[in-house]
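Here my numbering = 1-based position in the sequence shown + 2.
Ideal Cβ positions, reconstructed from N, Cα and C, are used throughout, including at glycine.
Take a look at the structure below.
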Amino acid sequence: MHLAGHETRQATSGEEALLAMREHPADVVLLDLNMPGIGGIQACKAMRRDFEAVAIIVVSLRGLEQDNSAALQAGADLCLTKPFSMEVLLANIEIVLHKRGGTAPY
3 MHLAGHETRQ ATSGEEALLA MREHPADVVL LDLNMPGIGG IQACKAMRRD
53 FEAVAIIVVS LRGLEQDNSA ALQAGADLCL TKPFSMEVLL ANIEIVLHKR
103 GGTAPY
């Protein structure tokens, strides 16, 4: 599947996301804090440990300060609170890619 020029893959659990990264490493990962299985924070820690260069955006419905803090401490580059528009998501993807040495956002 493609989204605004980006190839995308979907995982339904933390374990599935980690397996997908091992099989097909990505430049950017969107992790939901409330994923089944190991969950967003643990998946974020594992991805940061195993895939240092990946840009990680954590999304959450709650938007609680302690959730965002935990995600950033686990290695997330950015936290977004749902709902957000596709335009906001794509802009943030470009920003984290730029910060990680990828394409320029503008």
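Would you kindly work out how many angstroms separate the C-alpha atoms of residue i and residue j, rounded to a whole number?
i: residue 20; j: residue 59; result: 15 Å
i: residue 90; j: residue 62; result: 15 Å
i: residue 92; j: residue 36; result: 21 Å
i: residue 29; j: residue 87; result: 21 Å
If I measure Cβ to Cβ from residue i and keep anything under 7 Å in the same chain, skipping five residues before and after, which residues do I get?
i: residue 44; result: 16
i: residue 106; result: In this prediction, residue 106 has a pLDDT of 48, which is less than 50 and means its spatial position is unreliable; what the coordinates show is noted afterwards. Cβ neighbours of residue 106 beyond the five flanking positions: 100.
On the three-state DSSP scale, how would you describe residue i?
i: residue 15; result: coil
i: residue 32; result: strand
i: residue 59; result: strand
i: residue 89; result: helix
i: residue 9; result: strand
i: residue 102; result: coil
i: residue 25; result: helix
Report yes if the CB atom of residue i is closer than 9 Å to the CB atom of residue j, and no otherwise.
i: residue 94; j: residue 74; result: no
i: residue 39; j: residue 33; result: no
i: residue 78; j: residue 46; result: yes
Tell me which same chain residues have a C-beta within less than 6 Å of the C-beta of residue i, skipping the five on either side of it?
i: residue 65; result: 83
What residue does the alpha helix (DSSP H) around residue i start on, and which one ends it?
i: residue 80; result: Taken as a continuous stretch (DSSP letters only), residue 80 belongs to no alpha helix (DSSP H), being part of the beta strand (DSSP E) at 80 to 83.
i: residue 74; result: 67 to 76
Counting only the same chain and skipping the five closest in sequence on each side, list residues whose C-beta sits under 8 Å from that of residue i.
i: residue 49; result: 19, 20, 23, 31, 33, 56, 58 and 77
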